[in-house]
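Those protein sequences? They're chains L and Y, same order as listed. Heads up: the first sequence is residues 9 to 454, going by this note's numbering. Heads up: the second sequence is residues 4 to 339, going by this note's numbering.
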Amino acid sequence: MTANDLLIKNARIIDPASSTDETGDILISGGVIKQIGPNLVGPALKTIDATGLIACPGFIDLHCHLRQPGYENKETIASGSAAASRGGFTTVCCMPNTNPPMDNATTIDYVKNIATVESPNINILPIGCITKDRAGKELSEMAEMYEAGCIGFSDDGSSVNNAKLMALAMETAGSIGIPVIEHCEDPNLSRDGQMNDGWVAARLGLTGIPAAAEESIVSRDISMIEMTNAKLHLTHISTKGSVELVRTAKMKGLAVTADVTPHHLTLTEERIISGRTEKSVSLAYDTNAKVNPPLRTAADIDALIAGLNDGTIDAIATDHAPHASEDKLCEFELAAFGISGFETAFGALMTLVHSGKIKLNTLLACLTYRPAKIINFANGITGGIKQSGIADIVLLDINREWTLDPESMLSKGKNTPYSGQQFKGMVVATIHRGAIAYKDNSIRIS
Amino acid sequence: MALNELKTVAAGQETLPAVSIGQWRHKHVLDLDDFSREEINLIFEITDAMVEVLARDVKKVPTLRGKTIATMFFEPSTRTRASFELAAKYLGADTVSLDAARSSVAKGESLVDSLRTLQALEVDAIIMRHPCSGAPYIAAQNLEISIINAGDGCHAHPSQGLLDLYTMRKHLKDLGGKKVVLVGDIMHSRVARSNIWGSRAFGIKLILCAPPTLVPHGLKQMLVKCGLDHVTIEHNLDKAIENADIVMPLRLQKERQQNGLISSIRTYIRQYQVNSERLERANPGVLVMHPGPMNEGIEISHEAAYSSRSLIEQQVTHGVAVRMALLYLIAGGKNR
């Protein structure tokens, strides 16, 4: 009898996919889950005492930016992977707005190869461009990219503005069977926009991005689903109106799914005024809270939370968008859009659980099974904890309190609006295919 | 030099009551939102003394002798820059002016790095103008030196707000309940925003008048959120101007028409130009102001700009005096 890889003892095992919530042990061998149950005994090479911890399926992020190739000063596949593992993610889907953009099989191959060599402890699933060079003019070679391993198509950063081209993309991706992932933004309505078009923009003298810039594209794309037989996924929806449009579409049985980010669920536009500055000025103009789509209002947050609770919104995705310090230490209008989000996602989201706004089970479903389903359980991921399934597991201490110091982040991007924020709820270990991808010092392995 | 000495000099040996400036707590002048009425009154008291200095044959006083004031303009300006530089020179300060377009900024240096260099050159205060809203706030959070905002994007122009208020006060004495109409491109106007805060401190009823396309969508909610119930928005100038005590048109940039924000200059003139005919609807003693530079014949008619009720030239003179007062308070330090 050979020794098993790892035995997790006494965890509260929560698996939303199978509606499991029970205390027990998980025995892992050869990268897969060998057995789940009470009082399992080794022999195992390693044992983790998970008393008081939750074991749930590894988190799956449908939307992140790893910046390689082209912007290695902001992030690399290696540094982004380390940050993702620390955030509890065992699978991340990376957007193709690299340089060059991932708009052909060769660049998809490149990213997959780097990932295999440099980041063995995480699944990195690339998303290919919808259009060549992300320019919105002609379709990319979608079938070849699918064969090379891309799991969806997106021109993230922009919408496909030409509706006819978008319809063709939806039809093509639909026939391949993978989703088109749309960043919803009408560029004419959002032109020169810096933040949400509301009272804070008026106060700060900044140009607003109206909710209608997002909702008009959400509406347009939904109206083309039936015609194109597509799987449409709307990423980082941020407004009450978008939630209502998706809810109505789902009631009609249309194949639309949606995700929302942790920051759109927890922060409003007002963060740009208040910021987290040490020097007292009346207006912070906090560039770390500059993100696209912009942070919205309390009413939008309420609608997004309601959308999570009733299943209108399927998943939570980070839109992890790391930037170098010089991209943010500048005039607000010149600052880059984006938040480095892997390492704060779980802590920020737990505030919603602790305040009773969403159930822990809903939160975990939105980070595991539900996103896995959207990408057709690619690469053997299950989004669940089941016997013979891949051993992608995250251990959580939902009561652990901690304070965010951006300098301690593993991502190269320290651009976070949560600097100095106190969180309750922490990822303490991340296990990918039975190997420990990340562990906090509190975790002892014997 | 103490303020009372300054006033003594200014008033030709006549002794004026000394002003206590012990409570001055501002390191920067970024906008008027955090200035109390008492603080603005203090600035105006000093401005009165400076107006008297400006009326003298020899305008120079040694109040800021040995101090260096830098002006850093990231956007072209002739009026405001000249006004600040003269203010510094009349107070005896040395000035150094950097034209950001021709300096290291053009070579790609960041805002904070450029200003850090000035700070390292040991200047005593930086007067900055910048096309991006909030730029001086970014500076103030990352530097130790005092920053005076000479206009940031569409956000604020506090010295203009002060000189407008000072000019109004000179002529109307008690500003409480007086009706002031700002008309024009409210959306892009830093002058309008600073006037919102200045007028609040003095209980002025402020009407912001503009076509709907030149008012930010969030302005109405901003007025509620910030407790600015002295401000109302009115799209019809003929209504807004009724019983007005002061009317101040704002410069209309011709690009606004290209961007579709107004349908034509001709229509704009018809609906929003401040002219003699419209001023008939205002209070009989109505006064006309303009922050400059003017587009005569567009937002204001020639007769309105140069009539006896126009305070436009006085605004310019008061501008220097107000800026002298600000420099005195911000850079005066031990010399006060």
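All C-beta atoms, glycine included, are put in the ideal place defined by N, C-alpha and C.
Quick check on this structure: which residue in the options has the alpha carbon closest to the alpha carbon of residue i?
| i | options | result |
| --- | --- | --- |
| Q429 (chain L) | L:Y79, L:A353 and L:T370 | L:A353 |
| I62 (chain L) | L:A266, L:M434, L:R452 and L:K381 | L:M434 |
| I56 (chain L) | L:A311, L:A292 and L:L404 | L:L404 |
| C72 (chain L) | L:I389, L:I135 and L:G32 | L:I135 |
| V56 (chain Y) | Y:I43, Y:R40 and Y:G95 | Y:G95 |
| K208 (chain Y) | Y:I236, Y:N298, Y:E299 and Y:A73 | Y:I236 |
| N317 (chain L) | L:R75, L:T59, L:E222 and L:K365 | L:K365 |
| K367 (chain L) | L:T84, L:D400, L:I406 and L:H191 | L:I406 |
| R84 (chain Y) | Y:V54, Y:R132 and Y:G111 | Y:R132 |
Could you check where the alpha helix (DSSP H) with residue i kicks off and where it finishes?
| i | result |
| --- | --- |
| V218 (chain Y) | Unbroken run through V218 (chain Y): none, as it is neither H nor E. |
| E30 (chain L) | Segment T28 to S37 is the beta strand (DSSP E) holding E30 (chain L); no alpha helix (DSSP H) there. |
| T83 (chain Y) | R82 to Y93 |
| F38 (chain Y) | It is not in any alpha helix (DSSP H) - F38 (chain Y) carries neither H nor E in the DSSP assignment. |
| C374 (chain L) | L368 to L375 |
| W207 (chain L) | W207 to L212 |
| E409 (chain L) | Note, E409 (chain L): premise wrong, no alpha helix (DSSP H); beta strand (DSSP E) at I401 to T411. |
| K336 (chain L) | S333 to K336 |
Ignore the nearest five residues each way along the sequence and tell me which others in residue i's own chain have a CB closer than 6 Å to its CB.
| i | result |
| --- | --- |
| V291 (chain Y) | V250, A307, R312 and S313 |
| S224 (chain L) | D194 |
| K42 (chain L) | L35 |
| N423 (chain L) | N296, H331, K336 and S348 |
| G355 (chain L) | F431 and G433 |
| A73 (chain Y) | V99, L121, V126 and I129 |
Between the alpha carbons of residue i and residue j, how many angstroms are there, rounded?
| i | j | result |
| --- | --- | --- |
| L19 (chain Y) | D51 (chain Y) | In this prediction, L19 (chain Y) scores a pLDDT of 33, lower than 50, which makes its location untrustworthy; no coordinate-derived value is stated. |
| A177 (chain L) | V188 (chain L) | 8 Å |
| H241 (chain L) | G157 (chain L) | 18 Å |
| G213 (chain L) | L226 (chain Y) | 14 Å |
| R281 (chain Y) | T139 (chain L) | 56 Å |
| C455 (chain L) | V289 (chain L) | Since the first and last residues shown for chain L are 9 and 454, residue 455 (chain L) lies out of range. |
| G261 (chain L) | H244 (chain L) | 21 Å |
| I186 (chain L) | N169 (chain L) | 21 Å |
| E155 (chain L) | I68 (chain L) | 22 Å |
| C137 (chain L) | I159 (chain L) | 11 Å |
| I269 (chain Y) | R40 (chain Y) | The residue asked about is misnamed: residue 269 (chain Y) is Arg in this sequence, not Ile. Distance between the alpha carbons of R269 (chain Y) and R40 (chain Y): 40 Å. |
| L264 (chain Y) | K257 (chain Y) | 10 Å |
| N81 (chain L) | K336 (chain L) | 13 Å |
| V218 (chain Y) | N262 (chain Y) | 14 Å |
| P2 (chain Y) | R273 (chain Y) | In the structure as shown, chain Y begins at 4 and stops at 339. Residue 2 (chain Y) is therefore absent and cannot be evaluated. |
| L14 (chain L) | G95 (chain L) | 21 Å |
| K62 (chain Y) | A90 (chain Y) | 10 Å |
| S149 (chain Y) | N18 (chain L) | 59 Å |
| F87 (chain Y) | G154 (chain Y) | 12 Å |
| R304 (chain L) | D23 (chain L) | 32 Å |
| G187 (chain Y) | A243 (chain Y) | 12 Å |
| I43 (chain Y) | M190 (chain Y) | 25 Å |
| E17 (chain Y) | Q26 (chain Y) | With a pLDDT of 34 at E17 (chain Y), under the threshold of 50, the modelled position of that residue is not reliable, and the figure given next carries that caveat. So the two alpha carbons sit approximately 26 Å from each other. |
| I130 (chain L) | K228 (chain Y) | 46 Å |
| I313 (chain L) | L357 (chain L) | 11 Å |
| E299 (chain Y) | K110 (chain Y) | 37 Å |
Quick check on the burial criterion: 16 or more other C-beta atoms within 10 angstroms. Buried or exposed for residue i?
| i | result |
| --- | --- |
| I44 (chain L) | buried |
| L53 (chain L) | exposed |
| D143 (chain L) | A small fix is needed here, since residue 143 (chain L) is Ala in this sequence, not Asp. Label assigned to A143 (chain L): exposed. |
| M235 (chain L) | exposed |
| P287 (chain Y) | exposed |
| L416 (chain L) | According to the sequence shown, residue 416 (chain L) is Ser rather than Leu. When all chains shown are included, S416 (chain L) counts as exposed. |
| S304 (chain Y) | buried |
| V436 (chain L) | buried |
| A91 (chain L) | buried |
| D267 (chain L) | buried |
| S363 (chain L) | exposed |
| L124 (chain Y) | exposed |
Taking 7 Å as the limit between beta carbons, can you name the residues of its chain near residue i, skipping five residues before and five after?
| i | result |
| --- | --- |
| S197 (chain Y) | D34, L35, A159, H160, P161, Q163 and G164 |
| Y118 (chain L) | P77 |
By Cβ distance below 8 Å, which residues in the same chain neighbour residue i in space, the five residues on each side in sequence not counted?
| i | result |
| --- | --- |
| G295 (chain Y) | R82, R254, I315, Q318 and V319 |
| N338 (chain Y) | With a pLDDT of 49 at N338 (chain Y), under the threshold of 50, the modelled position of this residue cannot be trusted; read the value that follows with caution. Only M4, T66, L67, R68, G69 and K70 meet the Cβ criterion. |
| K120 (chain L) | I132, P134, A156 and G157 |
| E245 (chain Y) | R284 and A285 |
| G2 (chain Y) | With chain Y covering 4 to 339 only, the question about residue 2 (chain Y) has no answer from this structure. |
If you follow the beta strand (DSSP E) that residue i is in, where does it begin and where does it stop?
| i | result |
| --- | --- |
| H362 (chain L) | Where H362 (chain L) is concerned, there is no enclosing beta strand (DSSP E), although the alpha helix (DSSP H) it sits in stretches over A353 to H362. |
| A266 (chain L) | V264 to V268 |
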